[in-house]
Amino acid sequence: RAPSMVRTTVQDLAAAVEEPPRQYVVHERDRDHLLAADEMPDPIPLIDLGRLMAADEAHKLREALQTWGLFLVTNHGIEESLMDAMMSASRDFFRQPPEEKNKCSNLIDDGEHLEMEGYGNDKVVTPQDQGLSWNDRLHLRVEPQDERNFAKWPTHPESFRGMCYLSTHQEPRE
Numbered sequence: 001r002a003p004s005m006v007r008t009t010v011q012d013l014a015a016a017v018e019e020p021p022r023q024y025v026v027h028e029r030d031r032d033h034l035l036a037a038d039e040m041p042d043p044i045p046l047i048d049l050g051r052l053m054a055a056d057e058a059h060k061l062r063e064a065l066q067t068w069g070l071f072l073v074t075n076h077g078i079e080e081s082l083m084d085a086m087m088s089a090s091r092d093f094f095r096q097p098p099e100e101k102n103k104c105s106n107l108i109d110d111g112e113h114l115e116m117e118g119y120g121n122d123k124v125v126t127p128q129d130q131g132l133s134w135n136d137r138l139h140l141r142v143e144p145q146d147e148r149n150f151a152k153w154p155t156h157p158e159s160f161r162g163m164c165y166l167s168t169h170q171e172p173r174e
C-alpha cells in the first residue's frame, strides 16, 4: 500500500523555489551556537588512523570532535578508486526520480512512522518556529553483515551494492 505521509525531497524543494521555505531557515536568534565560516578553526583536523594509539593523535581527535564535530581521516586502508566509485554510485542514486529512491524508503508500512535505515528525510517533531534540516539521506547498516537489511538497499544504480560489498571486504594496507 502507498505511504500516506507526503514527503517532499530536498531536490523537489530546491527546484521549485528561489529561497528555502521559512521552516528551513535558521533564525538569527538561534544562530548563537553555530560558528560562522570565518570563525571555523583552520584547517579541518586531519587524523591519522595509523597513529591513533599515540597520545598526540588521540588528543587531536578529541580536539577535533570538541571544536569541529568532524575530521578528515588518513591511513584508513580504503583505496581512492573505491571511494571514488562509491561517491559516483551514491550520486547516481540521489539523481534518480523520487519513485525509484522511494523503493528504499525509511517509512514503515503504516506510512506514518520512520525507521533508521532507508532513504528519506527525517521526520522532525519540533516547536513550530524551529528550523528543519534541509537534507535527504540514505542510511544503511553495513556491519555486522548479518544485520544488513537489503530491502532498504538500492538496486539502482546496479553498482551500488557491489561498491558497499567491496568496501567491507578489502584487505587493510600495511
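Per UniProt numbering, the sequence shown starts with residue 1, numbered consecutively.
All C-beta atoms, glycine included, are put in the ideal place defined by N, C-alpha and C.
In this structure, DSSP gives T155 a state outside helix and strand, which the three-state scheme calls coil. When only Cα atoms are considered, L82 and M163 end up about 7 Å apart. Taken in chain order, the unbroken stretches of alpha helix (DSSP H) that lie wholly in the UniProt domain "Non-haem dioxygenase N-terminal" (44-155) and span 4 residues or more are 55-67, 80-94 and 98-101. The C-alpha of D84 lies about 33 Å from the C-alpha of P21. Separation of the CB atoms of H156 and E100 is rounded to 6 Å, and the pair is thereby assigned contact status at 8 Å. CA-to-CA, the gap between S105 and D56 works out to about 42 Å.
Closest option to G50, judged by alpha-carbon separation, among K60, R91, L70 and T74: T74. For L65 and F71, the gap between their C-alpha atoms comes out near 7 Å.
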